[in-house]
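**Q**
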Amino acid sequence: MSVENDEKLLEKERRMMVEDQIESRGVKGKALLTALKKIPRHLFVPADFREYAYSDQALPSYCGQTISQPYIVAIMTEMLSLDKSSKVLEIGTGTGYQTTILAELANEVYTMEIIPELHDIAKNNPVVQNYNNIKFILGDGYKGYEAAAPYDAIIVTAAPPYVPEALTNQLAPGGRMVIPVGAYEQTLYLVTKDLDDKISMKPLLWVQFVPMIKKKDL
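The opening residue of the sequence shown carries number 19 in this note's numbering; numbering runs sequentially from there.
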């Protein structure tokens, strides 16, 4: 099969992924759906698992980590209510797939990764290099990234046992954070901060993420 035919097949699989796994389950944001149809998820998945890149499942990544299920990526992103003025902090760059979705929708994306190998893999991904609104930070996500705070939105792609105070402090008034919380049984929460800096937490659904790593755990 030619490269051109391969690309057409992958594009068809990607479109079906969005229509069958995401849009049909209630995700409605037009800009988000367009981004999901555009970004080649197979180029963020290790070669051994690329044939499953457009299936409705999380997949093994590098360094013992995972790349999230497409539906979960969509739900978490939709909950942030991003627009082209948004400044976003992502905790857990991974291979950069979620990062590029954010970059399609927001003005600025600051993405933190604590594992140096993953940080380098994401930065050097040729898809990621097409974006000039992503800033990569190697560091401990529990501390957030104070230098660019406050953020209109924060997304956390690994599960801490509690919501780190640094992250709620760095959320702008009116901001939204999506974060999985828990050690064994995890719940995805929407955390909001009102204009008086009051924090509210709304449980969304049960999820399963890898644990969020602290610097001392490396």
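The beta-carbon is built from N, C-alpha and C at its ideal position, and this holds for glycine as well.
Remember, it's a predicted structure, so these values are computed and weren't measured experimentally.
(1) Quick check: TYR149 and THR129, are their CB atoms within less than 8 Å of each other?
(2) Mapping the DSSP letters down to three states, classify MET35 as helix, strand or coil.
(3) At what residues does the alpha helix (DSSP H) containing ILE119 begin and finish?
(4) State yes or no: is the C-beta of LYS46 nearer than 7 Å to some heavy atom of the ligand ATP?
(5) Measuring CB to CB, does ALA76 end up less than 8 Å from GLN83?
(6) Which word fits TYR70, buried or exposed, when buried means at least 16 other C-beta atoms lie within 10 angstroms of its C-beta?
(7) Buried or exposed, going by whether 16 or more other CB atoms sit within 10 Å of the CB of MET230?
(8) Can you look up LEU213 in the DSSP assignment and give me helix, strand or coil?
(9) Alpha carbon to alpha carbon, what distance is there between VAL174 and ASN142?
(10) Report, in whole angstroms, the separation of the C-beta atoms of GLU108 and VAL91, which I expect to be a contact under 8 Å.
(11) Considering only residues of the segment 40-64, which uninterrupted alpha helix (DSSP H) runs meet the minimum length of 4 residues and lie entirely inside it, listed in chain order?
**A** Working from what's here:
(1) Against a cut-off of 8 Å, the Cβ pair of THR129 and TYR149 comes out as no contact.
(2) MET35: helix per DSSP, three-state reduction.
(3) Residues 115-123.
(4) The model on display carries no ligand, and the ligand ATP is accordingly not part of it.
(5) With contacts defined by Cβ atoms closer than 8 Å, ALA76 and GLN83 do not form a contacting pair.
(6) Counting Cβ neighbours within 10 Å, TYR70 comes out exposed, since fewer than 16 surround it.
(7) Buried, because 16 or more other Cβ atoms sit within 10 Å of the Cβ of MET230.
(8) Three-state DSSP puts LEU213 in coil, outside helix and strand.
(9) Between ASN142 and VAL174, the alpha-carbon positions lie close to 22 Å from each other.
(10) About 11 Å separates the Cβ atoms of GLU108 and VAL91, ruling out a contact at the 8 Å cut-off.
(11) DSSP runs (the alpha helix (DSSP H)) wholly in the segment 40-64: 48-56.
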